[in-house]
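J.:
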Amino acid sequence: METKCKRNGCKKAYNENENNDQACKHHPGKPIFSDLKKGWTCCNKIVYDWDEFMKIEPCAVGRHTNVEATEGGEFYQSKTVQNAQKGIDNFADSSPQPVRKIDDYNREEAEKKKLLEQQQAQVQKQIFVTPTGKYKCTNKGCLKEYDPKENTECFYHPGEPCFHDLKKFWTCCRVEKYDWDEFMKIPTCAKGSHTPKVV
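Straight run, no breaks: the sequence shown in full-length UniProt numbering ends on number 199.
What follows is the structure, given as structure tokens:
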């Protein structure tokens, strides 16, 4: 009566009366399927194609057996597989995180921004003084040094400079120029007090 051999790499039918120490060619190690790699732990040969894996010659000789091998019956698992399984287990065990509504998130961000602005406003600021002992005006179109003790007027542009295509102008007075020097010569359109530079 024939029995099927349980050894990896053999799996052939055999008759116990004809069984001997040279009858079974097999792999005593574990099959490796790590990413795209395929092979056996016992003979240290790695291939990438399934057909090539099936053609790897057995590296051990012995008797046929109908007892399932305990050493070679399981797949070899790489660290990639172990780490992936660990991540899946951790995710399954972790408690669900509360879902934050977008309105709550926006309100929290607005409160953080307001608190930051208040903290910044509390920082003691000092007026910048030039080497000549004067203040520096930060109004656009002025940027002059002035003596704070003198009641001088500031002529400036309250709008923003705009550079569109080749045009250059101020949003407050809309005098369009194409040349940079001509743009710099556009007369200011507002009068008021100087705004000192602070640091």
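All C-beta atoms in this analysis are idealised placements derived from N, C-alpha and C, irrespective of residue type, glycine included.
Count the other CB atoms within 10 Å of the CB of F163; is the residue buried (16 or more) or exposed (fewer)?
T.: exposed
J.: Could you give the uninterrupted runs of the alpha helix (DSSP H) lying entirely in the UniProt domain "CHORD" (137-194), keeping only those of 4 residues or more?
T.: List check, alpha helix (DSSP H) in window: 180-184.
J.: In chain order, what residues of the same chain have a beta carbon less than 8 Å from the beta carbon of C5, not counting five sequence neighbours either side?
T.: K11, K12, A13, Y14, C24, H26, H64, T65 and N66
J.: How long is the line joining the alpha carbons of W50 and R7, rounded to whole angstroms?
T.: When rounded, the distance between both Cα atoms is 19 Å.
J.: Quick one, are the C-beta atoms of A190 and Y156 less than 7 Å apart?
T.: yes
J.: So what does DSSP say about I56, is it helix, strand or coil?
T.: coil
J.: Would the beta-carbon of G192 fall within 7 Å of that of C137?
T.: no
J.: Would you grab the beta carbon distance between C172 and P158 for me? Rounded to a whole angstrom, and I think it's under 8 Å.
T.: 5 Å
J.: Hey, does T130 have any beta-carbon neighbour from chain D nearer than 7 Å?
T.: Among the chains of the structure shown, chain D does not appear; only one protein chain is present.
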